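Below is one structure, written out as structure tokens; comments come after it.
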Amino acid sequence: MAMAVFALRFDPKVVKVRAVTAGDLLASDKAGKGPSLMQSIDPSGVCLISLSNLNGAAATKGSGTLLFIEIEALAAGDAGFVFDKNAVHLVATDARDVALDVMPVRVTVKQ
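Residues 49 to 159 (our numbering) make up the sequence shown, in order.
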């Protein structure tokens with residue numbers, strides 16, 4: 049994978065996305081170069097995440113944890129987490145198809 053863009057939607061009345069950090073798939077190489085990770089969290093309930101290996105880092109390969117998303121509960125209810133399939137874009141280093149397996153998740157905040 050050379051580049052990826054994800055849009056995570058959530059209910060901002062129920063949860064707040066505090067941080068997005070790299071998983072083991074985005075580890076730095078021996079030279080200390082690793083993929084860049086950028087995030088933008090909108091108060092309306094959208095978290096945009098972009099990953100790029102275009103800075104000379106080794107391509108992301110294999111299976112493992114891509115991201116950790118830290119959330120804070122604000123109120124009781126359904127968090128409404130969903131990756132927007134229309135806003136997920138993956139680019140392979142050699143232009144082959146990239147398979148993405150996103151597991152549905154349900155998060156309910158209780159008091």
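Built from N, CA and C at the ideal position, the CB exists for glycine as well. This structure is a prediction, so every number in the text was calculated from the model and none was measured.
Mark residue i as exposed unless 16 or more other C-beta atoms lie within 10 angstroms of its C-beta, in which case mark it buried.
| i | result |
| --- | --- |
| Asn-101 | buried |
| Leu-148 | exposed |
| Val-153 | exposed |
| Val-150 | exposed |
Give the DSSP-derived three-state secondary structure of residue i in the structure shown.
| i | result |
| --- | --- |
| Arg-99 | Strictly speaking, residue 99 in this sequence is Leu, with Arg absent from that position. Correct three-state label for Leu-99: strand. |
| Lys-133 | helix |
| Asp-90 | strand |
| Leu-73 | helix |
| Ala-161 | Any question about residue 161 goes unanswered here, given that the chain covers just 49 to 159. |
| Ala-55 | strand |
| Gly-125 | strand |
| Arg-66 | strand |
| Ser-111 | coil |
| Val-139 | strand |
| Val-148 | The residue you asked about is not Val; residue 148 is Leu in the sequence shown. Here Leu-148 sits in coil by DSSP. |
Quick one: Cα of residue i to Cα of residue j, how far?
| i | j | result |
| --- | --- | --- |
| Leu-138 | Ala-50 | 8 Å |
| Leu-96 | Leu-122 | 20 Å |
| Thr-141 | Leu-99 | 13 Å |
| Val-136 | Val-130 | 11 Å |
| Val-90 | Asp-132 | Contrary to the premise, residue 90 reads as Asp rather than Val in this sequence. Approximately 14 Å, taken between the alpha carbons. |
| Ala-70 | Gln-159 | 30 Å |
| Val-146 | Ser-111 | 12 Å |
Taking 6 Å as the limit between beta carbons, can you name the residues of its chain near residue i, skipping five residues before and five after?
| i | result |
| --- | --- |
| Gly-128 | Phe-58 and Asp-59 |
| Val-155 | Ala-127 and Phe-129 |
| Ser-88 | Leu-96 |
Within the same chain, show all residues whose beta-carbon is closer than 7 Å to that of residue i, passing over the 5 residues directly before and after it, in chain order.
| i | result |
| --- | --- |
| Glu-120 | Val-63, Lys-64 and Arg-66 |
| Gly-93 | Arg-57, Phe-58, Asp-59 and Pro-60 |
Are at least three pairs of beta-carbons, each pair with one atom in the segment 111–119 and one in the segment 50–69, less than 8 Å apart? At 8 Å Cβ cutoff, the stretches touch.
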